[in-house]
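J.: Just so you know, full-length UniProt numbering puts 187 at position 187 of the sequence shown, and the rest follows in order with no gaps.
For reference, the structure I am asking about is given below.
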Amino acid sequence: MNAYVYKMPTIKVEKEEWLKLGVQKFAVSGADGLNVEQMAKQLKCNKSSFYWHFRSKENFLNDTILYWFEHSIKPFTKELNHENNPAEKFTIFLKLSFQDKSRKDFMFYLRRIAQSNHQLKGLLNSLRAKRLAFTCLLIRDLGYTQEEAEVKAEVLHNFYVGWYEQNKYKSTEQNDINHIIKLVKTFINF
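Here is the structure:
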């Protein structure tokens, strides 16, 4: 049996560094931006460091998407855990959501790949469901029924996606956030 034994790379870069760079590259160029050789040069290491952590480009893509999702919700949970007032909590949620444009075209590329990759399609559906459930919970805390909150969460999600696509390359000012909150208040009272 000729099983290849993975050896520790000469210059090892931490897994998280690869994942951070993967998120940046994927957000700009999709899977085409995940060139192992170019990323290794940028991280000043050799390619074996990549394969030490991920074994394959497919594993790297999956890990990158999970890393992005986990780290994209951390600021929300951190900030929202400090607030007890449902209206204030929802306002903070909106501000954080609409201020962050760091993901650029991440979702566009993810949706594109998910059309032909059933595993990623399942992951994408799971991520969307988690986001909607979280938003629904915040809306329920404002006094809406479960059914009302589910509908409003979906409308808000679709509003956000449309707004993001139109504004992802523009800077977001406080006046923009205030305008967004005003628009959201037309269908969610808080």
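Here a beta-carbon is modelled for each residue, glycine too, at the ideal position from N, C-alpha and C.
(1) Can you say whether residue 78 is buried or exposed, counting buried as having 16 or more other CB atoms within 10 angstroms of its CB?
(2) Of all the beta strand (DSSP E) runs that stay within the bounds of the segment 51-113, which reach a length of 3 or more residues?
(3) Note down, in chain order, each residue of its chain lying with its Cβ closer than 7 Å to the Cβ of residue 61, except the 5 sequence neighbours on either side.
(4) Out of curiosity, what's the CA-to-CA distance linking residue 186 and residue 50?
(5) Starting from residue 31, trace the alpha helix (DSSP H) both ways and give me its first and last residue.
(6) Closer than 8 Å by C-beta to residue 159: which residues in its own chain qualify, once you throw out the five before and the five after it? Chain order, please.
(7) Would you check if there are 3 or more beta carbon pairs closer than 8 Å linking the segment 162-169 to the segment 99-110?
(8) For residue 45, which of helix, strand or coil comes out of DSSP?
(9) What do you reckon, are the CB atoms on residue 15 and residue 71 nearer than 7 Å?
(10) Alpha carbon to alpha carbon, what distance is there between residue 136 and residue 95?
(11) Could you give the first and the last residue of the continuous alpha helix (DSSP H) run that contains residue 13?
T.: Looking at the atomic coordinates:
(1) exposed
(2) none
(3) 31, 34
(4) 49 Å
(5) Taken as a continuous stretch (DSSP letters only), residue 31 belongs to no alpha helix (DSSP H), as it is neither H nor E.
(6) 183, 184
(7) yes
(8) coil
(9) no
(10) 17 Å
(11) That residue, residue 13, is in no alpha helix (DSSP H); it is neither H nor E in DSSP.
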